[in-house]
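A.B. asks:
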Amino acid sequence: MITALNTQFGIKGHLDFIEDASGLVIAKIDNVQGSASLCLQGAHLMTWQPRSQKIPVVWLSKDAKLASEKSIRGGAPVCWPWFGAHPTESTFPGHGYARTVAWRVIESGIEPCGATRLSLRLVESNKTREQWPHECNVDLTVIVGETLRMELNTENTGDNDFVIGEALHTYFQIGDIGAVSVNGLEGCEYWDKVGGSSLKRQQGAIGFSGETDRVYINTAAECVIHDEKLKRRIHVAKSGSFSTVVWTPWVEKANKMGDLGQPDGWREMLCVESANALDNQVKVAAGTRHTLIVEYRAVSF
Ligand code: BG6
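Converting from the sequence shown to our numbering requires adding 46 to each position, the first position being numbered 1.
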């Protein structure tokens, strides 16, 4: 399988496929602008580091485990076709099934700017059809260079409309959670998921001093993570996304989760997720497509 993948989609000086000790297949991207890795299971981007940065921009837990049908802690999980708990079926997995099922490579190439492009398509099975009985193609394209671009495309190939929730649930590498703030969501309404669920409005920049789990709604704004310790800003630009989720588990929840890199791994990550969740779920009419796009860049100061 690895040989066939490398023959068909490998690109010298850009992209090759390897098999991890777990048996999962990883796409390794390395070009003059940056490097990244992506697990084919879940189309899960695990790492990204542009050459201009000494420290990765996307965070992967040092306790991340690669295992069949399990989500990886860190990177950029693809949440689809629902975000959070399924609205009616409590046995269906949180954040949908896309992040734990097989995807196959459908295309690779080099962009005019020199970045590496890789596209994957979710592989349907009886298990996915049980949870999502709609005809569709779900594709993820990643473009790895000095910036990281990801495009999550949902094409409704059936005769009936459907509604999806989704997110690119990216974990960003930060110096310390106490030394970062997030701009771009000033004045936005958000559902505060800590201690129940209530609608609030953001005043000023977001700072962190405890568990934070918020779904900002009706916002297409670019967010900027200002990191005083690493002396850099991470820009999170997006289109086709009208919710932004900001999440840090803080110590108690991190200890319960157990795979965030004990004891303090959680302090070095922050999730800023470009989503369509809750009020912003998307109706994809029969015969149409919907695309959520993110583009990340890091600027030192
Ligand atoms: C965030 C949610 O998007 O993902 C949190 O808002 C959740 O509530 C977090 O804890 C991690 O989810 P999971 O399923 O990857 O552990």
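Each residue gets a CB set at the ideal place from its N, CA and C atoms; glycine is no exception.
Can you tell me the Cα-Cα spacing of Q79 and T134, whole angstroms?
C.D. replies: If I take the Cα positions, the gap works out to 45 angstroms.
A.B. asks: Helix, strand or coil for G155 per DSSP?
C.D. replies: Three-state result, G155: strand.
A.B. asks: For a quick check, are the C-beta atoms of T337 and G256 less than 8 angstroms apart?
C.D. replies: Against a cut-off of 8 angstroms, the Cβ pair of G256 and T337 comes out as no contact.
A.B. asks: Which same chain residues end up closer than 8 angstroms to G69 when comparing Cβ atoms and leaving out the 5 residues on each side of it in sequence?
C.D. replies: Counting only Cβ-Cβ distances below 8 angstroms, and skipping sequence neighbours, we find S114.
A.B. asks: Note the first and the last residue of the continuous beta strand (DSSP E) segment covering E65.
C.D. replies: Start and end: L61 to E65.
A.B. asks: When DSSP labels each residue in this structure, what does A89 get in the three-state scheme?
C.D. replies: Helix, per DSSP.
A.B. asks: Hey, how far is the Cα of I57 from the Cα of C85?
C.D. replies: Straight-line Cα distance between these residues: approximately 17 angstroms.
A.B. asks: In chain order, which continuous runs of the beta strand (DSSP E) of length 3 or greater are located wholly inside the region 114-170?
C.D. replies: Fully enclosed beta strand (DSSP E) runs of 3 or longer: 149-156 and 162-168.
A.B. asks: Use the C-beta contact count for C159: other C-beta atoms within 10 angstroms, 16 or more gives buried, fewer gives exposed.
C.D. replies: Burial call: exposed.
A.B. asks: Return helix, strand or coil for K329, following the three-state DSSP convention.
C.D. replies: Note: K329 maps to strand in three-state DSSP.
A.B. asks: Count the other CB atoms, across all protein chains shown, that sit within 10 Å of the CB of E197; report buried if there are 16 or more and exposed otherwise.
C.D. replies: It is buried - the Cβ of E197 has at least 16 other Cβ atoms within 10 Å.
A.B. asks: Once you ignore the five residues that flank G230 on each side, which residues in its own chain have a CB closer than 7 angstroms to its CB?
C.D. replies: These residues qualify, in order along the chain: A267, E268, C269 and V270.
A.B. asks: Closest to E319 by CA distance: which of E170, I189 and V282 is it?
C.D. replies: Minimum Cα distance to E319 is reached at V282.
A.B. asks: Look at the alpha carbon of R260 and the alpha carbon of K116, and state the distance between them as a whole number of angstroms.
C.D. replies: Those two C-alpha atoms are separated by around 24 angstroms.
A.B. asks: If distances are taken between C-alpha atoms only, which option among G191, A144 and H141 comes closest to E157?
C.D. replies: Per the Cα distances, G191.
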